Amino acid sequence: MTTSEPSVLKQFPPMGIYEVLFSFLDSAGTYLGNPGTHPWAQGYPLTTQLPNGPEIPGQVSFEAADLKYPPATGIDDLLAALRDYYNDFHGASITTDNIAVFAGGRPGIFAALALMDPEIPILIEETEYTPYHDILRLLERTVVMVASNPENGFRPSLADYEAAAGGTPGFVIKSNPCNPTGITWSGEELQALVDFCAAPGRGAIIDEAYEFFHAPAPVSAMAHIRDIDATNLFVVGAATKGLQVPGMRTGWVVAAKRNIEMFRNYSSFAMGGVARASQLYVAALLEPARVARAREAVVAYYASQRRVYGEAFRALGIELFTGEGGFYHWGRLPNGLGAGELNDRLYRHKAAILPGPLCDMYRRGEDGPHRDFFRFSFGAQLEEDFQGNMEILESCLKG
Ligand SMILES: Cc1ncc(COP(=O)(O)O)c(C=O)c1O
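Residue numbers (the working numbering): 28 to 426.
Quick look at the structure:
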């Protein structure tokens, strides 16, 4: 019998959402997301045409030259389309030298955090996007928490950030709209956050994966940054949600030119660029008239779904804390029911939610304040799924 060597790799579990996928597979015998399942745990949008939305192309064409290695920070077509998008829709004044393309939003976030001076403390809200926790732990970063819990309605203010920073340097990471809560900083509040993060010794990753999903209209920090070259701000976007193409694995970071140069160097030794076919496909999705229509269709469809599910959830006694962005509801289950217990019941109906403790950046598990919170994704739900979904949820809340 041969004995295997212990692994040389650091051991760490999969990102929280995958924990649910694996436990669902064990219990239900099929993958969450397969036909016949109800993937309320997952964070993907519909990948089909929305009412009044533009067509989603079924093809991409390329030539022999497109089979060469891509440029390190992105192909010209996509960089120009992104520059025009931010300048036209958000009044920014960036050039293509302010943008680096990655294979999705997470790789851009990971690169920024991995390349950052490890001494800088990271300010993060207590309730945030699950993988931030994994990345920060893997990179052994010092984390300073900003309260975001039932006591403050998951709505920390700039004063909470100032108190957490305590006048010392610090780097913010924040999803806006927030995953899981959907709470979105906009207008003067977003301006004040941008100014705070643009101050000397500070910086931020503002993660706008759900930019299109805010009602009544998308918001972006790019509308509030006067001179990005003078800052350590990193605004992250992706084709994953708003453009409805998670499988294209295309995301980007907008930042100061000197920081984009570091991403170029990183790409040259660690990534080798992003598939040209994906970049060509996404560049076409950003054609100005098309993207204008896509934004409107996404806002309208998902605002309607947010309202319809919101009313039904309240009628079931769920206490909702959801904001006006994203494609999730974030709420507290009635009668002290734990989210883990709810999932055990839902698995029998081939359904699953994301249990609140996986959004707890302290990872206090079942003992923490997120025990009876859950995130329900209506991202991939068709209008006609509503009735059946509610029947399953109602029966599982009862027992
Ligand atoms: C807050 C947030 N940021 C970024 C992403 C980007 O994901 P991807 O790496 O799939 O583009 C997601 C997707 O779930 C997200 O929820």
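Virtual Cβ for every residue (Gly too), placed ideally from N, Cα, C.
For clarity, every value in this text was computed on a predicted model and none was experimentally measured.
If the five residues before and after T208 are omitted, its C-beta is found closer than 7 Å to the C-beta atoms of T154, F181, F348, T349, G350, W357, all from its own chain and listed in chain order. Per DSSP, reduced to three states, the secondary structure at R229 is strand. The beta carbons of P204 and Y237 sit closer together than 9 Å. Taking a cut-off of 5 Å from the heavy atoms of ligand 1, the residues with a C-beta inside it are G70, G131, G132, R133, Y156, S202, N206, D234, A236, A265, T267, G278. At least 9 Å separates the beta-carbon of T258 from that of A266. Y96 sits in coil when the DSSP states are folded into three classes, being neither helix nor strand. Put simply, of F340, H241, G300 the residue whose alpha carbon is nearest the alpha carbon of R359 is F340. Nearest to F198 by C-alpha distance, out of A138, A186, P148, N176, is P148. Minimum Cα-Cα distance from A379 among the listed residues A55, S120, N79 corresponds to A55. Here the alpha carbon of P315 sits roughly 26 Å from the alpha carbon of Q332. Around the beta carbon of K201, 16 or more other beta carbons sit within 10 angstroms, so the residue counts as buried.
Along the region 291–373, the beta strand (DSSP E) occurs as fully enclosed runs of 3 or more residues at 355–359, listed in sequence order.
With contacts defined by Cβ atoms closer than 9 Å, H65 and H376 form a contacting pair. The beta-carbon distance between L105 and V128, rounded to whole angstroms, is 6 Å. This is short enough to meet the 8 Å contact definition.
DSSP, reduced to helix, strand and coil, places K37 outside both helices and strands of the structure shown, so it counts as coil.
As for any beta strand (DSSP E) of minimum length 3 sitting wholly inside the region 59–144, the runs are 126–129, ordered along the chain. In the three-state scheme derived from DSSP, where H, G and I count as helix and E and B as strand, P183 is classed as coil. Judged by DSSP secondary structure, E152 falls within the beta strand (DSSP E) whose first and last residues are 149–152.
M298 is positioned such that its CB atom lies no closer than 9 Å to that of A139.
If you look at A55, you'll find it isn't in any beta strand (DSSP E); it sits in the alpha helix (DSSP H) that goes 43–55. Judged by beta-carbon spacing, N206 lies beyond the 9 Å limit of C423, meaning their Cβ atoms are not closer than that value. Note on the region 218–273: whole beta strand (DSSP E) runs with a minimum of 3 residues are 229–234, 260–265, in chain order. Looking at the DSSP output, M172 bridges to I151.
With respect to the 9 Å criterion, D222 and V263 are not classified as neighbours on the basis of their beta carbons. In this structure, the CA atom of I126 is about 10 Å from the CA atom of F261. Beyond the five residues adjoining it in sequence on each side, G383 comes within less than 6 Å, by CB distance, of A366, H397, F400, F401 in the same chain, given in chain order.
K425 sits in a helix when the DSSP states are folded into three classes.
Exposure of Q76 is indicated by the presence of fewer than 16 other C-beta atoms within 10 angstroms of its C-beta. Excluding its 5 nearest sequence neighbours in each direction, L373 has C-beta neighbours in its own chain below 6 Å: A379, C423, listed in chain order.
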